[in-house]
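Residue numbers (the working numbering): 44 to 683. Yeah, the Cβ is synthetic: ideal placement off N, Cα and C, and Gly gets one too. Single-structure report; data block below.
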Amino acid sequence: MASFNYAKIPIDSTTSEIRLLDLHPTSPLNNPLPNSPLVHCTLRKAALHDTPSFHALSYVWGNEKDRGLISLQADGEQDATTVSVTANLQSALLHLQHPTDKLTLWVDAVCIDQSNVPEKNLQVQMMKDIYEGAARVVVWLGAEADGSGDAFRILRKLGEGRQAEDALAYRDAHRSMEQPPSGYVRFRTFCREEAARLPLGFNMQAIHKLTLRPWWQRIWVVQELALARDVVFVCGGESLAGRALQAASLVLSFVVMEFVEIGEPTREDYVTKSEKVYQYANIVTNIPDSAMGRMLGLRRRYQLETTTARETLLDLLFRTTVVHSSPDNFKATMARDRIYGLLGMAEDTGRLQIIPDYRKTTTTETVFTDVAYALLRNGFSEIFSLCQSPKKLEGLPSWVPDWTAQIRTPIGGRAPQLKYHAAGKTGLYMSSKADSKNTLSVKGVQVDTIYEVGTPWLPSLENYQFEWETLTAFLDDIKRLCAYSDHINSSIYTDPQQRQEAHWRVPTADQVIATDYDPNPVRSSKAGTELHSAYQEVLVYLSHWRKVGSVPDAVSRYMRVMGSLFDRRPFVTTQGFIGLGPSCAEPGDEVYIFMGAQVLFVMRRCGENAVKLLGEAYVHGIMDGELLNTDFVECCLQIV
């Protein structure tokens, strides 16, 4: 089969030229090739600065081996070429064909010459302008299957009307920390009434199946959705406006919560209802790791932000890559697209000077290393907290995050309420060795050497069950390490109370969830009263948890913090510092403060002058610059 000759429609990306696809109607009267059995399209050029009218298609390519055919004709040419495309794209074009009118689309697989790498590199840089310039972004979720028609009808009912506007207004007010608007009461009343009417035959499974479709899990479509001025979701013959789907997902999450509260244990249908609720528990939008919830949330956040307040690339990488409580994550066929797929949304793309590069000679390791150095050069020392072991890409330097791996929620996160200040007010100093871009020079202070380590906190994430036995062993080990610190009685902890506080500050890295209304951990207060109280309740609960049905609120909040700190282990240093570090830490590893960084880091010697970064660490008593207020010796680390 002949490939399409893109030389017939040359474009100059430097002058904002793109190709557009005219999808001809099914009616033979308005089709240039009325006798063609295939979907017929014409490809032509246009310049974005001329503001052409078009819709941009957002879809997943699907299995490359599963193919379909379309008829493609160059503008002004008489002959058409039969072109092979993925079956999912062919299906999208078939469903989007209008009976009598032409539809102009931008479709990456056809409008970009995929065999022309320089053209592809330049067109990818234009993605922001393309998707913002489109009159509408059409999201193709796939053909009708698994009750998707039912799912769309339910979502349309919940997402259109006054309750939808109330729902979105409530969410916006909540994000800006204002009081709930007056429509909130009306909104919750509607949700309560809907929950009371909810039949046991309510097709939650159809909605669940809809949210499991591949489109929700692809990193590349995140910016396509976020940048859209207007968006419509299409699945088979059903469609739903983007705003209505956002509202429906929020309304449905509240309806389900009301649904749970209505049930009484004495009612025969309660168990059935509960089972349905738990089936749905992973897809409602107020759960952070819901694929649909995350995707819609990223769009809503981007649309609400002003240009100056939009998120940085590192912010977006945190949102799309860091694993919180579920191992699910956004997927990419090419690993570098985990970066390139976010550049159109990032506020600092220009400053970072990251240019998409799809040349085969450019490795993923090179792309990730260049991105890490660009972020560090712009002062983002937080990326050190994302350097975790083990890495899936073995050739990566230890100071470069592996964006293909499951990066766990860091102690030194991006949230302002979690800020530590281990390096005080010092600034980040780093440089790359001239003879090797893989070696990073960082100024820091060696705190101590690890003397002994405890049991790793490695709870299973299956079925969202909390492992109380594992927590008991974890806390017992911290007590044992604290006893060693007490025994050597080093002057590092001058106040006996400070030594005692290590028992309950170290397990959660001094983090606490203060209220039931905000699920995000915050730094404990200096006195730590709320954290100490929660720790005491946990100890009481652990002593008889098998005999107790309900979990106290304070214990529940403690569990949530612990759930985000998995894959870490406690340690004690030679001088008696108590800390929490990566689960791979071993006796003999060294603990450092990097100048300009928030937290501490565990390093391992790999030669006379080189070290490897194993991961971040919380060290009790020196997380707010205390060590740098004393006499210290600065050193220069060569991290490989």
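- A distance below 6 angstroms between beta-carbons, with the five flanking residues on each side excluded, links G192 to the following residues of its chain, in chain order: E281.
- Here the alpha carbon of T355 sits roughly 11 angstroms from the alpha carbon of G393.
- Under the 8 angstroms Cβ criterion, the segment 340–349 does not count as touching the segment 413–431, having fewer than three qualifying pairs.
- When DSSP states are grouped into helix, strand and coil, E512 belongs to the helix group.
- In the assembly as shown, E651 is an exposed residue. Its beta-carbon has fewer than 16 other beta-carbons within 10 Å.
- Judged by DSSP in its simplified three-state form, Q579 adopts helix.
- Around the beta carbon of F675, fewer than 16 other beta carbons sit within 10 angstroms, so the residue counts as exposed.
- C154 is the residue among L643, N421, R603 and C154 whose C-alpha sits nearest the C-alpha of D65.
- Taking C-beta separations shorter than 6 angstroms and ignoring five residues to either side along the sequence, the partners of T551 in its chain run V604, following chain order.
- In the three-state DSSP reduction, H530 falls in the helix class (H, G or I).
- Relative to L184, the option among G176, H67, D632 and L139 whose CA is nearest is L139.
- Inter-residue distance for A526 and T572 is about 22 angstroms (C-alpha atoms, whole angstroms).
- For S599, no beta strand (DSSP E) encloses it; the enclosing alpha helix (DSSP H) starts and ends at D596 to G606.
- Three or more pairs of CB atoms, one per stretch, sit closer than 8 angstroms, so the segment 463–470 contacts the segment 633–640.
- Under the three-pair Cβ rule at 8 angstroms, the segment 94–102 counts as touching the segment 252–270.
- Between H83 and S114, the alpha-carbon positions lie close to 5 angstroms from each other.
- In this structure, T617 sits near D491, with a CB-CB distance shorter than 8 angstroms.
- Around the CB of K480, fewer than 16 other CB atoms lie within 10 Å, so the residue is classed as exposed.
- Ranked by Cα distance from F427, the options E187, G658 and D632 are led by G658.
- Shown here for R612: same chain residues with a beta carbon closer than 7 angstroms to its own, the five before and five after excluded, namely V496, G497, T498, P499, W500, G624, S626 and A628 in chain order.
- With a threshold of 16 other beta carbon atoms within 10 Å, E677 falls short and is exposed.
- If you draw a straight line from the Cα of G455 to the Cα of L429, it comes to about 9 angstroms.
- Around the Cβ of V583, a 10 Å sphere holds fewer than 16 other Cβ atoms; the residue is exposed.
- In the assembly as shown, I531 is an exposed residue. Its beta-carbon has fewer than 16 other beta-carbons within 10 Å.
- Around the CB of L347, fewer than 16 other CB atoms lie within 10 Å, so the residue is classed as exposed.
- The continuous alpha helix (DSSP H) containing W263 extends over residues W263 to L270.
- DSSP places R196 inside the alpha helix (DSSP H), whose first and last residues are S191 to G202.
- Per DSSP, P539 lies in no beta strand (DSSP E); the unbroken alpha helix (DSSP H) holding it starts and ends at P539 to R548.
- Between M335 and S292, the C-beta spacing is below 8 angstroms.
- Within a 10 Å sphere around the beta-carbon of D358 sit 16 or more other beta-carbons, which makes this residue buried.
- In the DSSP annotation of this structure, the continuous segment of the beta strand (DSSP E) that includes Q116 starts and ends at R110 to A117.
- In the structure shown, M473 adopts extended strand secondary structure according to DSSP, grouped into three states.
- Residue ranges of uninterrupted alpha helix (DSSP H) with 4 or more members, entirely inside the segment 121–147 and ordered along the chain, are 130–139.
- Each of E187, L436 and I54 was checked against the Cα of D156, and the nearest Cα belongs to I54.
- Annotated as proximal: G202 and V294, with beta-carbon spacing under 8 angstroms.
- Counted as a single uninterrupted DSSP element, the beta strand (DSSP E) harbouring Q681 occupies residues E677 to I682.
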